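First residue of the sequence shown? That's 0 in numbering that gives the first Met the number 0, and the numbers climb one at a time after it.
Quick reminder that beta carbons are idealized off the backbone N, C-alpha and C, glycines included.
None of these values were measured; they are calculated from a predicted model.
Remarks on the structure that follows.
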Amino acid sequence: MNKILGYFYKGLGKFLDLLLTFLIVIVNIAVDLFSAVRRFFLYIISMGGCLIIFLLLNPLAWRGLARNEWLSTLIVLAIFVPILGNVSESFLKYAHYVVTEFFYDRADHYLLGKENEFENISGYGRAYWEKKERERIKEEEERRRQREEEYRQSFKDFGGFTWTTFDDFSQFEEFFRQAGYGGFYENQGGSYGNNYGGSYSGSSSSGGYGFKDQYESACDTLGVNYTADKYEIKLAYRKMAKKYHPDLNKEEGAKEKFQKINAAYEFLNDTNVEMYKKMTGAN
Numbered sequence: 000m001n002k003i004l005g006y007f008y009k010g011l012g013k014f015l016d017l018l019l020t021f022l023i024v025i026v027n028i029a030v031d032l033f034s035a036v037r038r039f040f041l042y043i044i045s046m047g048g049c050l051i052i053f054l055l056l057n058p059l060a061w062r063g064l065a066r067n068e069w070l071s072t073l074i075v076l077a078i079f080v081p082i083l084g085n086v087s088e089s090f091l092k093y094a095h096y097v098v099t100e101f102f103y104d105r106a107d108h109y110l111l112g113k114e115n116e117f118e119n120i121s122g123y124g125r126a127y128w129e130k131k132e133r134e135r136i137k138e139e140e141e142r143r144r145q146r147e148e149e150y151r152q153s154f155k156d157f158g159g160f161t162w163t164t165f166d167d168f169s170q171f172e173e174f175f176r177q178a179g180y181g182g183f184y185e186n187q188g189g190s191y192g193n194n195y196g197g198s199y200s201g202s203s204s205s206g207g208y209g210f211k212d213q214y215e216s217a218c219d220t221l222g223v224n225y226t227a228d229k230y231e232i233k234l235a236y237r238k239m240a241k242k243y244h245p246d247l248n249k250e251e252g253a254k255e256k257f258q259k260i261n262a263a264y265e266f267l268n269d270t271n272v273e274m275y276k277k278m279t280g281a282n
């Protein structure tokens, strides 16, 4: 009897495994296809400009679109399939993991005498989200490792020390924040930020222009995109500060450039980065 139940659960698990995998592939293809269609329509609209907008605002154009069932259906699908498809794909992946783990586990119990990992199917649901959390943490650690490697390359043998001076990445960052080079670069608001603070006052109403202009001017100074995140800003700042540090660069105007770099970096703090992104809708 146990063998029969075991093969039944194994067969049912395999069937659901194939079925859900097939559905995930179909949904994935549909999302990619209609996302491409949506991009095509957006491209056409951008090329048409004001003429397309005028046609869309024209009731006669909407009436003609309604008569063309094929085109109107394609537009509706291009709008909603990518949104609903992504949600459906996430649900199908969750169901695939839970169902297959449950039935294969039950099959192993009857065929091999193994203990069930969980008593009921909800336990496998919790295991799925724990697995996703572990994957998220692993991805964050990988991004952190990549940033660490960027810092290694940018500051190799800079200032008379090597990376091996520090036991770990956090000590390296702490060093630059509070002591030596970090304190000199980041915390010189009094000597450099204030001397050059007329350009980057941090207020949307102070200075000769608004917050957006100040922000973009600071980005131009560091040579980063206006949509750069805090890690890109920090990396660009380190490179520029190293290049124009008065102790390392004896060219005329290097000191003033270094002051401007410090003032720009001080202005591009986390608060202002978030404020700019919300103001412009940048991601």
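Per DSSP, Lys238 is one residue of the alpha helix (DSSP H) stretching across Lys229 to Tyr243.
With a 10 Å radius around the Cβ and a threshold of 16 neighbouring Cβ atoms, Val272 comes out buried.
The beta-carbon separation of Val80 and Phe40, rounded to 13 Å, does not stay under the 8 Å limit for a contact. Assignment of Glu116 by DSSP, reduced to helix, strand and coil, places it in the coil class. Of Gly112, Leu22, Thr270 and Leu15, the smallest CA-CA separation from Leu4 is found for Gly112. From the listed residues Lys276, Phe266 and Tyr236, the smallest Cα separation to Phe257 is found for Tyr236.
Note on geometry: alpha-carbon atoms of Ala126 and Ser89 lie some 15 Å from one another.
Residue state for Tyr225 is assigned as coil, using DSSP reduced to three classes. Secondary structure at Lys249: coil, using DSSP grouped into helix, strand and coil. Assigned with DSSP and collapsed to three states, Met0 falls in coil, not helix or strand. According to the DSSP assignment, Asn271 belongs to the alpha helix (DSSP H) that extends over Asp269 to Thr279. With a threshold of 16 other beta carbon atoms within 10 Å, Gly280 falls short and is exposed.
The three-state reading of DSSP puts Gly84 in helix, counting H, G and I together. Take the alpha-carbon of Cys218 and the one of Asn224: they are about 6 Å apart. Counting only residues of its own chain and dropping the five nearest sequence neighbours on each side, Arg37 has a CB closer than 8 Å to the CB of Ala77, Ile78 and Pro81. Comparing alpha-carbon positions, the option among Asp104, Ile43, Ile23 and Phe210 lying closest to Ile74 turns out to be Ile43.
The criterion of a C-beta distance shorter than 8 Å is not satisfied by Val86 and Ile120. Going by beta carbons, Tyr103 and Lys9 fall inside the 8 Å limit. Spatial neighbours of Leu110 in its own chain (CB-CB distance under 8 Å, excluding positions within 5 residues in sequence) are listed in chain order as Asn1, Lys2, Gly5, Tyr6 and Lys9.
C-alpha of Leu22 to C-alpha of Glu68: approximately 27 Å in a straight line.
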